[in-house]
Amino acid sequence: LAPAGGKILGRGGFGVALLAHYYGAEVVLKVPCPSKEKSLQASADGKALLMAAAELGIFRQLRHPNIVAFYGAKVDPTSSELVLVLEYVRGDVLSNAIRGLPSSPADFAKRCLLAVDICCGLRYLHAHKPVVIHGDVKGSNVMVERHGDCQVAKLLDFGLSRLLTRQVRNLGGSLRWVAPEVRLQNGHPSPSSDVFSFGRMLYFITTGRVPD
4 LAPAGGKILG
14 RGGFGVALLA
24 HYYGAEVVLK
34 VPCPSKEKSL
44 QASADGKALL
54 MAAAELGIFR
64 QLRHPNIVAF
74 YGAKVDPTSS
84 ELVLVLEYVR
94 GDVLSNAIRG
104 LPSSPADFAK
114 RCLLAVDICC
124 GLRYLHAHKP
134 VVIHGDVKGS
144 NVMVERHGDC
154 QVAKLLDFGL
164 SRLLTRQVRN
174 LGGSLRWVAP
184 EVRLQNGHPS
194 PSSDVFSFGR
204 MLYFITTGRV
214 PD
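The opening position of the sequence shown corresponds to residue 4 in my numbering, with each subsequent residue numbered one higher.
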């Protein structure tokens, strides 16, 4: 694995996405982002490792055209740093690809197809055994891949995903997109929480406005 000039594609709460080359192919490396404060370093690194490990456990089971592909993982034996190797999607995040109201019937039809892609990805997750809950469905966690005039939407960022088991932990999420019950401290994750967020996604896709 060789970083492609250290180009940063995005940042999250516990990690950063870097463009890299793997045997000549462009891939994305998701690496933990250490805390700047030394007093918080161990705690932050531990949380980042746990989140990466949980995401790895989810990704290993997923194969779907509307979900970003997982290629593998690398563990640094000295620092115990876990790096995820993911598909590099050529396109833009949905929150940047959608601007304002549809400009024409053709534009509206393209947006509907993107919504169908997202729905297919979520349906695949919820039909999994055990059920996989994405947990953070929002405009910045969907990539729009372009092939000429064709577009394909792909779900990414499974850092907050959960397998629906007896030991499942409570969900987090982004306030603009998250279901009301998830905000409760004792709110347990369920497929319906993803469906609520998908409803807010439909509002965004059809109007170009971020949910309040």
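Think of the CB as a built atom: it goes at the ideal place given N, C-alpha and C, for glycine as much as any other residue.
Just so we're clear, the structure is a prediction, and the values are computed from it rather than from any experiment.
- Cβ neighbours of A182 within its own chain (closer than 6 Å, five residues either side excluded): S196 and F199.
- Burial is judged here by how many other beta carbons sit within 10 angstroms of a residue's own beta carbon; G60 has fewer than 16 and is exposed.
- When the alpha-carbon of R93 is set against those of M146, D215 and H24, the nearest one is in M146.
- By the neighbour-count criterion, in which 16 or more other beta carbons inside 10 Å mark a residue as buried, F161 falls on the buried side.
- Its chain contains L85 as the residues whose beta carbon lies nearer than 8 Å to that of A56, once the 5 sequence neighbours on both sides are disregarded; these appear in chain order.
- The shortest CA-to-CA distance from G142 to any of H131, C153, L158 and R149 is the one to L158.
- Taking C-beta separations shorter than 7 Å and ignoring five residues to either side along the sequence, the partners of A76 in its chain run L59, L85, V86, L87 and V88, following chain order.
- With a 10 Å radius around the Cβ and a threshold of 16 neighbouring Cβ atoms, D152 comes out exposed.
- Using a 10 angstroms sphere on the CB of S193, the tally of other CB atoms reaches 16 or more, which defines it as buried.
- Residues H67 of the same chain have their beta carbon placed closer than 6 Å to that of Y127, with the five preceding and five following residues left out of the count.
- Inside the segment 68-123, DSSP marks whole beta strand (DSSP E) runs of 3 or more residues at positions 73-78, 85-90 and 94-96, from first to last along the chain.
- Of all alpha-carbon atoms in H150, R102, G138 and L12, the one lying nearest the alpha-carbon of L178 is that of G138.
- At the C-beta level, I101 and A156 stay beyond 8 Å of one another.
- No Cβ-Cβ contact shorter than 8 Å links V30 with G18.
- When DSSP states are grouped into helix, strand and coil, R63 belongs to the coil group.
- Not a single unbroken stretch of the alpha helix (DSSP H) spanning 4 or more residues falls wholly within the segment 124-168.
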